[in-house]
Structures are given as C-alpha cells and as structure tokens.
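Protein chains: 2
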Amino acid sequence: MIKACVFDVFGTLVDWRASIAREAESILLPLGVSLHWGEFADAWRQQYQPAMAEVSAGRIPFSKLDVLHRRNLDVILKDYGIDHIDEATRRHLNLAWHRLDAWPDVAPGLQALKHKYLLAPCSNGNISLMVDLARRNGLVWDAILGAEVAREYKPMPVVYLSAAAAFDLAPEETLMVAAHSSDLAAAAVAGLRTAFVARPDEKGPGLGEVTPSTRVDYSVRSILELAEII
Amino acid sequence: MIKACVFDVFGTLVDWRASIAREAESILLPLGVSLHWGEFADAWRQQYQPAMAEVSAGRIPFSKLDVLHRRNLDVILKDYGIDHIDEATRRHLNLAWHRLDAWPDVAPGLQALKHKYLLAPCSNGNISLMVDLARRNGLVWDAILGAEVAREYKPMPVVYLSAAAAFDLAPEETLMVAAHSSDLAAAAVAGLRTAFVARPDEKGPGLGEVTPSTRVDYSVRSILELAEII
Chain W
0 MIKACVFDVF GTLVDWRASI AREAESILLP LGVSLHWGEF ADAWRQQYQP
50 AMAEVSAGRI PFSKLDVLHR RNLDVILKDY GIDHIDEATR RHLNLAWHRL
100 DAWPDVAPGL QALKHKYLLA PCSNGNISLM VDLARRNGLV WDAILGAEVA
150 REYKPMPVVY LSAAAAFDLA PEETLMVAAH SSDLAAAAVA GLRTAFVARP
200 DEKGPGLGEV TPSTRVDYSV RSILELAEII
Chain Z
0 MIKACVFDVF GTLVDWRASI AREAESILLP LGVSLHWGEF ADAWRQQYQP
50 AMAEVSAGRI PFSKLDVLHR RNLDVILKDY GIDHIDEATR RHLNLAWHRL
100 DAWPDVAPGL QALKHKYLLA PCSNGNISLM VDLARRNGLV WDAILGAEVA
150 REYKPMPVVY LSAAAAFDLA PEETLMVAAH SSDLAAAAVA GLRTAFVARP
200 DEKGPGLGEV TPSTRVDYSV RSILELAEII
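Going down the list, the protein sequences come from chains W and Z. Position 47 (the first sequence) corresponds to 46 in numbering that gives the first Met the number 0; numbering is contiguous. Position 196 (the second sequence) corresponds to 195 in numbering that gives the first Met the number 0; numbering is contiguous.
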C-alpha cells in the first residue's frame, strides 16, 4: 500500500539539458563566448557523478549540490578555455540549475497525485534549489526531502530510507519515481517501490532511457500516466 | 531586506491546547476516563521543554518530537493513574499532535505572505507532524525546516541558522515569527529578524503572551496583520 511518492528531479521532472543550454547561451553569448550549448550542458553534467562520489567515499565532507556545481563549473570553464568569466557571472550561471523548466506533464501530474499521496522530491539537489524549481514550475510538495536532509548523496541507501522515514513510512509504503534505472535499482535495494518514467530526450534528442534496465513496479511515460495507474 | 519568514508552530500557528483537549476527550472518554481535558493538555505540554532539554544537553540522542511526546504521554497517563490504556490507543492519542487546528488567520495569512516571501515552519515538531498539520489546515510551505532537519531542538542557535541556510539566506534576511518571547530572543541572538504574534488564549483563556518581553522587529496580532505590515 503506497502512501507517498518521492521523485528524482534532474531529468525525471525537469529538462536540465535544454534549460542549462538556454541559460548558458543567454549569459555567455553576450560576453563573446560561442560554443555548442547542449554540449556545454553535457560537459557540466558529466562532472556531477564524480563530484558526488567524492562525498559518498568520504574524501570531501557533505556539501550542497550548489557547491559541487560551482566547483564543476570552474573545471569546465577552464576546459573550454573561457577563464575570463568574472565571479558574479560564475555565481549567476551556477544558479542556472535553480531555473530549470519542468516537462509539461509534471505540474498537472503532481496535482493529480497529491489527492492520494504525500509528495516530496528525493533528489541530490539542495533544498533551496528544489524550492526555486517548485516556485518556477508550480510543483506542489509536502516537504523537501533528499540529499541535503539525509546529508548523503544518492545512491547511498540512507537517502531513500530517510525520505520514507521523514513521512513516518516504511520503505515499502514509499514509491521512488525516476527516469534512471540506476536510481531505481538503488531505491529497490533499500526496500522502496519503484516507478520508471521514460524521458527519451533527457540527454539530447533520443538519448534518454526509454525502458528500464532493472525490475520496477511501474513503468510509465509521464507523471500524469503514473497518477492514472497507481 | 527580509526574503523568508519561518514560523514557530505550536501556539503560534495552531491552538494546541484546545485541540489536544478535544482529541484526548474523544479518545479517552469512551474508555471511561473523565478528567479536565484542558489540564490534561497542559500536563502533557509541561513535559515538552524538559524532554527537549535532555536532547540539547546531550543526555539522550536526537529523536523526533513524536518520540518525546510518546514518552511524555506515558509519564502523564501514569501520573493520572490511567495506566490501563492499551498500546494502539496510546499510539493514536500520541498522534493527536498531528491533528491540531490552526488559528483562523493562519491559512489566509500564509497565502498572502507567499507572494513575497519564502515560507517554512521552524518548529520543534518533526517533518511528518508538520506535513499533517499543513494538509489539515491548508498551510502553504516551500519547505519543512526546523528541528528534524537541524537535528537539534530550539532554542539551540543551529536550528534558526540552518533554516536560513537551507534557503541560502543570511540570518538577517530571515524573519522568525513566534508567539513566545523566549523563542524570538534566541532567534535574535542567532541574527534573525523577529516578529511577535499575540496569542492571548494559547495556554487557556487569557493565559498566552499579549506583548513581547524581548525586543522584536514587529509585533502583530495575527499572521494576516503581519502580511499587511512587512
């Protein structure tokens, strides 16, 4: 009996690649920088897992994803040879992750789910980032759960378990919703129920997962479809 | 420049005394228990500060307020000589704190504040308790902050500071709203701005604070009035 749905956010609820490409272009193009903005988004995102792995391995202390994003931004600006960007611009560009657009099914899908389930993000994004995405996209959360509350990053089991525990629920009463099989596999190991949402264009046209590569309880193509079937 | 308002909840936003009295009566009276229900609520609440002080002093590890409430309930049931209450009933009665009613100005007041400020509880109540009160009373939060996220209880400074930090704000950009001077004094020491809300009947008719006994930035009689003046 599922009582709460918790969600991966980057890719699952918001289109990080097109949004980051748009933000980077709007900030850097006026400064004379010209490059492939989608690839710039990919390059930034590619630094994401290794940075969190440093935290999970205990090599650096837990810090908000904003801090890791900023460290990663400095790395890729250097890689691209555009080191002349000033501090204020770097700070503004780093907060591009707070200005991502949701896929169109997400806001109405969460509204529909809210009638029957408690809802929270279970993301590696920090609380303020989740709050800004919610305000921007009209996402109705009961609480902001995930990495900053657990003080660890997914796929560490404590992140999924602490989301269920915050709602006073057993893991099996909690449904983890994500567009990434690796996230769902880790949630399942922690005892949560799982739902896969296909986001075929997440990493660029045709480059997202279409079907899960791990056993899941539900597989859908939108949050609205999820609201209809569970 | 205030960017977020964070709120004490018990007494400030919800009428714990009348609600606990009502819940206790509805659960215990059918079991043949008869007593002064308001005084029962007072007795339960009187165990609250000492239990949290045990945590703050490091004598017991941090645990959710639900756990402390339950320990306190067992104490007062024993004090009242009504030890025959079974486990399921104790558990249901303990969750009476999840079924408190908000003062009538609170839901519309938060709706008005939400247009200009980020909003969160900064309560000693746990996340699930805050979520249930929000659902019951239509409270619109951006995030659930406070003791469970900070893993300490107010008036420890880290609770106020972590609420501001979760929103990426400096303490002075954050307004702590409470009906208790002691809470506001602690928030001010941590660097937050403060607003006192008079709840003259919080502890029974005429037994709440009417004016603050500490210096505050604002003093109002309702959340709606706060929304008008800040």
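For every residue, glycine included, the Cβ atom is placed at its ideal position computed from N, Cα and C.
Those residues which DSSP pairs with residue i across a bridge
i, result
"residue 217 (chain Z)", "Z:194"
"residue 6 (chain W)", "W:120, W:176"
"residue 13 (chain Z)", "Z:9, Z:101"
"residue 203 (chain W)", "BP columns for residue 203 (chain W) are empty, so no partner."
Run of the alpha helix (DSSP H) containing residue i, from where it starts to where it stops
i, result
"residue 177 (chain W)", "No alpha helix (DSSP H) contains residue 177 (chain W), which is instead part of the beta strand (DSSP E) from 173 to 177."
"residue 74 (chain W)", "64 to 78"
"residue 46 (chain W)", "Looking at the DSSP string, residue 46 (chain W) is not in any alpha helix (DSSP H), and its letter there is neither H nor E."
"residue 228 (chain W)", "222 to 228"
"residue 56 (chain W)", "First-last for residue 56 (chain W): undefined, no H or E at that position."
"residue 135 (chain Z)", "126 to 136"
"residue 91 (chain Z)", "86 to 93"
"residue 148 (chain Z)", "146 to 149"
For residue i, the three-state DSSP class (helix, strand or coil)
i, result
"residue 37 (chain Z)", "helix"
"residue 108 (chain W)", "helix"
"residue 168 (chain Z)", "coil"
"residue 212 (chain W)", "coil"
"residue 159 (chain W)", "helix"
"residue 32 (chain Z)", "coil"
"residue 143 (chain Z)", "coil"
"residue 153 (chain W)", "coil"
"residue 1 (chain Z)", "coil"
"residue 82 (chain Z)", "coil"
"residue 113 (chain Z)", "helix"
"residue 189 (chain Z)", "coil"
Buried versus exposed, by CB contacts within 10 Å (16 or more), residue i
i, result
"residue 28 (chain Z)", "exposed"
"residue 114 (chain Z)", "exposed"
"residue 86 (chain Z)", "exposed"
"residue 161 (chain W)", "buried"
"residue 174 (chain W)", "buried"
"residue 137 (chain W)", "exposed"
"residue 193 (chain Z)", "buried"
"residue 151 (chain Z)", "buried"
"residue 171 (chain W)", "exposed"
"residue 51 (chain W)", "buried"
"residue 241 (chain Z)", "A question about residue 241 (chain Z) goes unanswered here, because the residues of chain Z that appear run from 0 up to 229."
"residue 33 (chain Z)", "exposed"
"residue 147 (chain W)", "buried"
"residue 25 (chain Z)", "exposed"
"residue 57 (chain W)", "exposed"
"residue 179 (chain W)", "buried"
Closer than 7 Å: residue i CB and nearest the ligand PLP heavy atom
i, result
"residue 48 (chain Z)", "Judged by which ligands are present, the structure shown has none, so any question about the ligand PLP falls away."
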